[in-house]
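Residue numbers (numbering that gives the first Met the number 0), protein chains in the order written: chain A, 0 to 365; chain B, 0 to 252; chain C, 0 to 292.
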Amino acid sequence: MKNMKVFANWKKLDKNFREKTVNYGIVLVAFLVIQILSATGNLKNSISGQLVPICTYVVMAISLNLVVGFLGELSLGHAGFMSLGAFSGTLFWVLNCETLPRPVALIAAFLIGGVVAGIFGFIIGIPVLRLRGDYLAIVTLAFGEIIKTVLNALYLGLDSNGFHLSMKDTMSLGMEADGKVLINGAIGITGISKASSFVIGIVLVLITLFVVMNLVDSRAGRAIKSIRDNRIAAESIGIPITKYKMMAFITSAVLAGMAGVLYALNYSTLVAKKFDYNTSILVLVFVVLGGMGNIRGSIIAATVLTILPELLRSVADYRMLVYAILLIAMMIFTQSPKAIAWRAVMVEKIKARRPGKGKMKQGEEG
Amino acid sequence: MALLEVRNLGIAFGGLQAVSQLDMTIETGHLYGLIGPNGAGKTTAFNMLTGMYTPTEGNITLDGVDITGKTPEFISKHGVARTFQNIRLFDGLSVLDNVKLGLHNQMKYSMWDGIFRTPKYRVKEAEMNHQAMKLLKIFDLDKEANLLASSLPYGKQRKLEIARALATNPKLLLLDEPAAGMNPQETDELMKTVRFVRDEFGIAILLIEHDMNFVMGICEEITVLDHGQCIAHGTGKEVRNNPKVVAAYLGGE
Amino acid sequence: MQFLGFLVNGISLGSVYAIIALGYTMVYGIAKMLNFAHGDVIMVGGYVISTCMTSMGMNPLLSVLVGMVACTILGITVERVAYKPLREAPSLAVLITAIGVSYLLQNAALLIFGSATKSFNSVVGVKPITLFDGALTITGEALVTIVVGVVVMIGLTLFVNRTKMGHAMLAVSEDKGAAQLMGIDVNATISLTFAIGSGLAAVAGALLCSSYPSLSPTTGAMPGIKAFVAAVFGGIGSIPGAMLGGILLGIIENLSKAYISTQLSDAIVFGVLIVVLLVKPTGLLGKKISEKV
Chain A
0 MKNMKVFANW KKLDKNFREK TVNYGIVLVA FLVIQILSAT GNLKNSISGQ
50 LVPICTYVVM AISLNLVVGF LGELSLGHAG FMSLGAFSGT LFWVLNCETL
100 PRPVALIAAF LIGGVVAGIF GFIIGIPVLR LRGDYLAIVT LAFGEIIKTV
150 LNALYLGLDS NGFHLSMKDT MSLGMEADGK VLINGAIGIT GISKASSFVI
200 GIVLVLITLF VVMNLVDSRA GRAIKSIRDN RIAAESIGIP ITKYKMMAFI
250 TSAVLAGMAG VLYALNYSTL VAKKFDYNTS ILVLVFVVLG GMGNIRGSII
300 AATVLTILPE LLRSVADYRM LVYAILLIAM MIFTQSPKAI AWRAVMVEKI
350 KARRPGKGKM KQGEEG
Chain B
0 MALLEVRNLG IAFGGLQAVS QLDMTIETGH LYGLIGPNGA GKTTAFNMLT
50 GMYTPTEGNI TLDGVDITGK TPEFISKHGV ARTFQNIRLF DGLSVLDNVK
100 LGLHNQMKYS MWDGIFRTPK YRVKEAEMNH QAMKLLKIFD LDKEANLLAS
150 SLPYGKQRKL EIARALATNP KLLLLDEPAA GMNPQETDEL MKTVRFVRDE
200 FGIAILLIEH DMNFVMGICE EITVLDHGQC IAHGTGKEVR NNPKVVAAYL
250 GGE
Chain C
0 MQFLGFLVNG ISLGSVYAII ALGYTMVYGI AKMLNFAHGD VIMVGGYVIS
50 TCMTSMGMNP LLSVLVGMVA CTILGITVER VAYKPLREAP SLAVLITAIG
100 VSYLLQNAAL LIFGSATKSF NSVVGVKPIT LFDGALTITG EALVTIVVGV
150 VVMIGLTLFV NRTKMGHAML AVSEDKGAAQ LMGIDVNATI SLTFAIGSGL
200 AAVAGALLCS SYPSLSPTTG AMPGIKAFVA AVFGGIGSIP GAMLGGILLG
250 IIENLSKAYI STQLSDAIVF GVLIVVLLVK PTGLLGKKIS EKV
C-alpha cells in the first residue's frame, strides 16, 4: 500500500528532481549489482578489470557534456585535462603515499589533479573561448596534442637538492647520486602504488553527477544553456558570456583532471601517449551518442561503449571493425532526418494502438 | 534631461555608410517609432543602441550615462532591453526559464549556492519563479510556463520575447517589428499590450514597425530613416504628410 | 647549406600536407564537415599502391594510378553511404560518423594487412641531385614531391576557376539551396568533391610513403591531423590557404625538428597554429565571417 502511495506522489514531484533521482539511482543500483556479482564470484575478470575505466569514462563524458552539450562548444582536447590531472595527482601520490596517511594522500591527490587541470583550463580558456565553432574545436585539439607532446618529453627528478627538470633526457637532470627519476619522458611515471578501486570510482561519479546536475539546473547553468541556444540574445539581456563560458570550461577541466587521477592510480605506470586526441574523440563519441545535454545518456553510452569491445570478444579480431560499423549505424539511425521521421511515424502507430498513453512534449533535458 | 539622447550617430561598414547623423531624444514614458523602407538602417540603429555594433561616430547617452560603444552586457545592465526582428528565444529552455534568464542580473546567487543548494538558492529561486510568473501572466503565457519556448506558436513567441526583455528591468525597451507576421486582430491586441507595458512599467518604448496603422496608432513621435539618413521627424500626422516620406516609400524622387 | 637542405625537405613535406589539406578544405567548403577519415584514405592508398607494386609487380606509375582509382571509389562510396544520410543533421553527428569511418578503415586495414609496419618501396625513380660540390643533396623523392605538389595546386586552381564543374563546386560551397535552384546537381557536385579529395589523398599517400618508407594501419592518422591543421592554418575552405598552410607547416615542422627538438616539433607546430588563429581567427587567407544580428 505504501509503495502505491509513493508511486502516486512520485509523478507529482518536480520533473528535474525526478530526473536527478533516477540518475543517482541508476549509478547506485549498478554499484550494488556489481558488488553482489563480485561477492558471489559471478563477475568475469574481463569485466571487473573494466570497472575503474568505466567510472573514468563516465566522469569524462559527463564533464565534456557540460561543454559540448550545455555550453554548445565543441572541444576536442578533453584528454589533455585528463592527462594534466593524472600526472600532477600521481606525482603527488608517488611522493606522499608512504609519508602521509593513505586516505589523506589519496584525497589530496584527487584535489591536486582537479586543481591543476582547472588552472590549465583557465589559462587555455582565455584564448580558446574567443574563437567559435570549428576553429575552437581545432584549437582545443591543438592544445591537447601540445600537452601530450610536452608531457611525453618531460623529465623530472628529485634529489637532496630538490627538484630537477629537463626536456632532454635523464642525464641532463644533473642529479646527485641519491637522485630518483620521477617522470621519465616517454616512459612516464613508473612504480605507482595502485590505489583506485570501483568504490572510489563510484564516489567520483556521484560527485560529478552532483556538481554537474545541480550546476546545470541553477542560475549559472541557465546562463550557460542560454549561450548555447542563442548567444546574441544572451548578450542582449546582459549575460556575461565570457564568465559563463569560462565557468563551464573550468568545471569540466577540473572533473576531467580528477578522472585522470582515478584512471592513473589504477595502473602501475602512467604514460602521456595514452591521452591523445583519440581519447578525446572517444569521449566525444560517448557524449554525442548519449545525446547532447543528456547526462543519463552520457552515463549509459560511456558504460556500454567501454564494455562493448569486451563483449565483442567472441568475434575476436573483428571486434573493432564491428564497433566502427555499429558507431556509423547508430549515428545514421539516431541523427539522420529520414530515420528520425521514420521513428516518429512508428511511435505514432504504436500510440494509436494504445490510446491515452500519449505524452506531451515537455520541459527540457535531464 | 531626456532618458535617451542620440547625437550625430553613424556607422560605416567598410565603405558603406549604413547610418549617418542620426539624432533622437526620447523621454521616459514615450512611445517612439522608427520607420523607413527596407534597408534604411533601422535595425542597424538598434544594434548600435544595444552595443551589438560599435558606432563609428556620434554618441548615445542613457539617463546621463554615456553608453556609446559599450558592451551589450553593460548596456543591458544600464537599462536598455530589446527584441529581435527574427525572434531570438532560448529554444531549448522552458518558457519560464527564458524569463528567469531576463532576471539574471536582478536576482543573484553564486555558482556554489547553486551546486550546494544553499538556503540562499532556495530563496532566490522562489523569488525568481514568482517574478517570472507575474510577467508571464501579463502576457497570458502563465499556462505555458513549462513548455519549451520553441513549441509556442509564433505570436506567443513574440510575446515571450517582450516578457524576457521586460524582466531585465529596463528603462528603455526596443521592439524590432513586433507586429510582423500578425493578423489585424493580433496586431490590435499587441497595440493594447504595448500601451499597457508603457503605463504599467513607466518606461520608454522605441519601436521599428512596417505596419503603418500600428505605428500611427500608437507612437507619439516618429523618426523616418531612408538610406541611413533621417528624412523626417514629428508626430504621425506630420510625418505622413511629409513629401519626402511619401517619395521614400513609393520609390520616387 | 645545411639550412637549405632542411628547408627543401620542409617544402617537400609541406607539399604532401598541402595536397592532403586540399582534400580537407574542399570537402569542408562544400559539405561543411570535418572529414576525420580523410587521413585514413591516404593509408588505404598507400596499401593499394604497395600491393600493386610488390605482389602484382606492376610498374610504379600504374600502381599509383590504380591507387587513385581505388581511393576515388572509396571516397564516393563513403560519402554516399555514411555522410549523405546525415547531410541535414547537426554537424557533430557527421563528425562522429567520420570518426566511425576512420576506425572502420583503420581496422579493416589491420585485418587485411596486419598490424606490423611494412616497408614501402619508393614509387619515385628519380636519382638524387647533388648541388654546391656535394654540400647539398636533394633526394629524388623530395624533388618529385615538390613538383607534383606544384602541378596539383596549379591544376586544381585552374579546374576550380576555369571549368564549369569547378564553378559548380564554388556555387555549392557558397549556397547549396541557391545552387540547386540554378540547376546545379548538388549531389553530383559533392560526389565529385569527395572523388577529387580522395584521389589526391592517394597521391599524397604515394609521396608520403616514398619519402618515409613505412606503412601501417595508422600511417594516415597523424599526417591527416597535421593536414587538417594546415587547412585551418591557411583558412579552412580556401584553396590557396590550404596550399600556403600546408607548405608553411611542413617548413616549420622540419626546421623545429632540426634546430629545436625532435620530440617537441609537434608541440611547436600546434603552438604556431594557436598563435595564428588568435591573431587571425579565420586563418591566414580565410574569409572574415560577419554575423548578422
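We put the beta carbon where it would ideally sit given N, CA and C, even for glycine.
Residues of chain C with a CB under 7 Å from the CB of Val284/A: which are they?
Per Cβ cutoff of 7 Å: Ile95, Ile98.
Over the uninterrupted beta strand (DSSP E) stretch that includes Ala231/B, give me the two end residues.
228 to 233
Going along chain C in order, which residues have a C-beta closer than 9 Å to the C-beta of Met166/A?
Ser260, Gln262, Leu263
Would you say the stretch 73 to 88 of chain C touches the stretch 188 to 198 of chain C, given that touching needs at least three Cβ pairs under 8 Å?
yes
Need the endpoints of the alpha helix (DSSP H) that Tyr154/A sits in, please.
Careful: Tyr154/A lies outside any alpha helix (DSSP H), inside the beta strand (DSSP E) at 154 to 158.
For chain A, find out if any of its Cβ atoms is closer than 8 Å to the Cβ of Asn104/B; answer yes or no.
yes
Should Lys360/A go down as buried or exposed, given a rule of 16 or more other Cβ atoms within 10 Å for buried?
Legend: pLDDT at Lys360/A = 42, less than 50; position of this residue unreliable, value from coordinates given subsequently. The residue in question, Lys360/A, is exposed, as its Cβ has fewer than 16 Cβ neighbours within 10 Å.
Positions along the stretch 222 to 247 of chain A whose CB lies within less than 8 Å of some CB in chain B
Ala222, Lys224, Ser225, Arg227, Asp228, Asn229, Ile231, Ala232, Ala233, Glu234, Ser235, Ile236, Gly237, Ile238, Pro239, Ile240, Met246
Could you give the DSSP three-state label for Glu220/B: helix, strand or coil?
Residue state, collapsed to three classes: strand.
Three-way DSSP call (helix, strand, coil) for Asp168/A in this model:
coil
Report the neighbours of Gly270/C on chain A: residues whose CB is nearer than 7 Å to its CB, in chain order.
Chain-order list of chain A residues neighbouring Gly270/C: Ile145, by C-beta distance under 7 Å.
Check whether the stretch 173 to 187 of chain C touches the stretch 51 to 59 of chain C, counting contact only when three or more Cβ pairs, one atom from each stretch, lie closer than 8 Å.
no
For Arg86/C, the three-state DSSP class (helix, strand or coil)
coil
Considering only residues of the same chain and omitting the five flanking positions on each side of Pro346/C, which have a CB-CB separation below 8 Å?
Residue 346/C lies beyond the stretch modelled for chain C, which goes from 0 to 292, so this question has no answer here.
According to DSSP, simplified to helix, strand and coil, what is Leu205/B?
strand
I want to see whether chain B comes within less than 8 Å of Ala343/A, judged by CB atoms only; does it?
Closer than 8 Å: no.
Any Cβ of chain A within less than 8 Å of the Cβ of Ile273/C?
yes
Compile a chain-ordered list of the residues in the stretch 28 to 62 of chain A whose CB is closer than 7 Å to at least one CB of chain C.
Listed by position along the chain: nothing, the set is empty.
Could you list which residues in chain C have their beta carbon closer than 7 Å to that of Val270/A, in chain order?
Near Val270/A there are no residues of chain C at all, since even the closest Cβ is about 14 Å away, more than 7 Å.
Touch test, the stretch 214 to 228 of chain A against the stretch 61 to 73 of chain A, Cβ-Cβ under 8 Å, three pairs minimum:
yes
Hey, could you find the ends of the alpha helix (DSSP H) Leu12/C is sitting in?
1 to 30
Euclidean distance between Cα positions of Gly79/A and Ser279/A
8 Å
Take Thr188/C and list the residues in its own chain whose beta-carbon comes closer than 6 Å to its own, dropping the five residues that flank it on each side.
Cβ neighbours of Thr188/C beyond the five flanking positions: Ala167, Met168, Val171.
Taking the DSSP output, what are the residues bridged to His163/A?
Gly156/A
Within 8 Å (strictly less), CB to CB, does Lys69/B reach chain D?
Here chain D cannot be found, since the structure's protein chains are A, B and C.
Under 9 Å between beta-carbons, which chain A residues line up against Thr81/C? List them in chain order, please.
Reading off the sequence, residue 81/C comes out as Ala, not Thr. Within chain A, the residues near Ala81/C are Ile327, Met330, Ile331.
Boundaries of the alpha helix (DSSP H) in which Gly289/A is found, first to last residue:
276 to 289
Would you mind listing the alpha helix (DSSP H) stretches within the stretch 289 to 319 of chain A that are 4+ residues and don't spill past its ends, in chain order?
294 to 310
Report the CB separation of His256/B from Glu220/B in whole angstroms; it is logged as a contact under 8 Å.
Any answer about residue 256/B is impossible in this case: the structure gives chain B only from 0 up to 252.
Please name the residue, chosen from Glu347/A, Ile111/A, Thr189/A, Gly120/A, that lies closest to Phe91/A on a Cα-to-Cα basis.
Ranking Glu347/A, Ile111/A, Thr189/A, Gly120/A by Cα distance to Phe91/A puts Ile111/A first.
Using a Cβ-Cβ cutoff of less than 6 Å, which residues in the same chain neighbour Ser101/C once the five nearest sequence positions on both sides are dropped?
Closer than 6 Å at the Cβ level, and outside the excluded window around Ser101/C, lie Phe35, Ala36, Asp39.
Could you give the C-beta distance for Ser297/A and Asn64/A, rounded to a whole number, given that I count them as a contact under 8 Å?
5 Å
Indicate whether Thr27/B and Gly201/B have their beta-carbon atoms separated by less than 8 Å.
Less than 8 Å separates the beta-carbon of Thr27/B from that of Gly201/B.
How many whole angstroms separate the CB atoms of Val240/C and Gly234/C, which I take to be in contact at a CB cut-off of 8 Å?
In the sequence as presented, Val is not what sits at residue 240/C; that position holds Gly. Sure, about 4 Å apart at Cβ, within 8 Å.
Can you give the beta carbon distance from Ala107/A to Gly84/A, rounded, assuming they're within the 8 Å contact cut?
That belief does not hold up - the Cβ atoms of Ala107/A and Gly84/A are roughly 13 Å apart, past 8 Å.
Which two residues bound the contiguous beta strand (DSSP E) that contains Ala80/B?
79 to 81
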